[in-house]
Amino acid sequence: MKRRVLVAFVLTLALAFVFLLAGAMLDLGPTTIDLRAPVAAHLAQSGVTHPVTAVLLNYRGYDTLLEIAVLLVALLALLAVVGDAPVPPSRAAHPVLQTLARLATPLMIVVAVYLLWAGAFRPGGAFQAGAVLAAAAVLLHLVGLQPGWSRPRLGLRIGLAAGFVLFLAVATGLLTQGSLLQYPPAAAGVLILLIESGLTVSLALILASLFLFLSREEGA
Amino acid sequence: MTLAFDLLLALSLLWTAWRTLATPRLDRALVLFIVFGLLMSLAWARLAAPDIGLAEAAIGAGLTGALLLDAYGVLRRRVRP
């Protein structure tokens, strides 16, 4: 009996809290800073026509630079923890699954390239394209066509770091413009496409590495 | 019509979220989590944010789901060798 009263009491408190939070959320006034107008006003100089890509790669390119650095550091930490255990031979999945994966992979590569290209003028961009590429690698691994990775060799290391290095090189080269990552409007489109291509490759490799380095069986 | 769809979407989001947390079986929870991610990307698309919807579908539902399922496979092999 006492327990039931206690439960009812806690439930009442929780419900009251929920209603209080909902009320507070509905009470929120309009945001004091409205950035939509400035974003739209400077879209013509940003080199792309999609506002999200303009914010991510041009106005706030600094954030994206740090994002890829964070992902790279996360992967380095993972590599340091995992060490170099031997990779077990991957088990082949059912032939139907393998055929499906073989058919899906080229399509996924095409979709990734399209997403990268489309990022300039419609939803898409490097992160989505990289994730699709990484998903293709994971798919191939799951059906046994792509063995797990044991140790990054030189090519993979270069690929993992390329996006960040390219981004950093562009940022360094543009330092003379006055502020960090301030593209000259005439070259902005090309520079953004260059950076996004590098980001796509590196992101795909980093995301796939997170999966392929971890997916070894312990004690197998 | 769209209001009905949105309401249905919101309800199924809450329902899958609750089932993901409450279901006793781990494999079912993982599949429900992937379903939740896919519904979430639909919700982002309905909120006129297709960029986030794409990222959610690719990273949230796809890669995270695959990672979780892989971890589940390793766990199961370790429990029942």
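Same order as they appear, the protein sequences are chains A and B. Position one of the first sequence corresponds to residue 2 (the working numbering), numbered consecutively onward. Position one of the second sequence corresponds to residue 5 (the working numbering), numbered consecutively onward. The beta carbon of each residue, even a glycine, is placed where N, CA and C say it ideally should be.
Asked: Alpha-carbon spacing of A:A130 relative to A:V112, whole angstroms; Found: 7 Å
Asked: The region 167 to 180 of chain A contacting the region 134 to 152 of chain A, beta-carbon criterion three pairs below 8 Å; Found: no
Asked: Alpha-carbon spacing of B:V39 relative to A:T173, whole angstroms; Found: 43 Å
Asked: Nearest-angstrom Cα separation, counted from B:D74 out to B:A49; Found: 28 Å
Asked: B:A62, buried or exposed, once every other Cβ within 10 Å from all chains shown has been counted against 16; Found: buried
Asked: Classification of A:S180 by the beta-carbon crowding that lies within 10 angstroms, buried from 16 upward; Found: exposed
Asked: Amino acids of chain B, ordered along the chain, whose beta-carbon sits closer than 9 Å to that of A:Q129; Found: D55, L58, A59, A61, A62 and I63
Asked: Neighbour flag for A:G62 against chain B, beta carbons, 8 Å; Found: no
Asked: Candidates A:A70, A:L77, A:V144 and A:L117: closest to A:L104 by CA position; Found: A:V144
Asked: 8 Å contact criterion, which A:E68 and A:L117 should meet: CB distance rounded; Found: With 8 Å as the limit, A:E68 and A:L117 do not qualify as a contact, their Cβ atoms being about 16 Å apart.
Asked: Alpha-carbon to alpha-carbon, A:L182 and B:P28; Found: 50 Å
Asked: Chain B contact residues for A:L208, given Cβ-Cβ distances below 7 Å; Found: L67
Asked: Residues near A:T1 in its chain [Cβ-Cβ closer than 6 Å; skip 5 each side]; Found: Any question about residue 1 of chain A goes unanswered here, given that chain A covers just 2 to 221.
Asked: Reduced DSSP secondary structure (H/G/I, E/B, other) of A:A221; Found: Because the pLDDT of A:A221 is 40, which lies under 50, any placement of that residue in the model is unreliable, and the number read from its coordinates should be weighed accordingly. Here A:A221 sits in coil by DSSP.
Asked: Which listed residue (A:L146, A:A209 and A:L176) has its alpha carbon closest to that of A:G160; Found: A:A209
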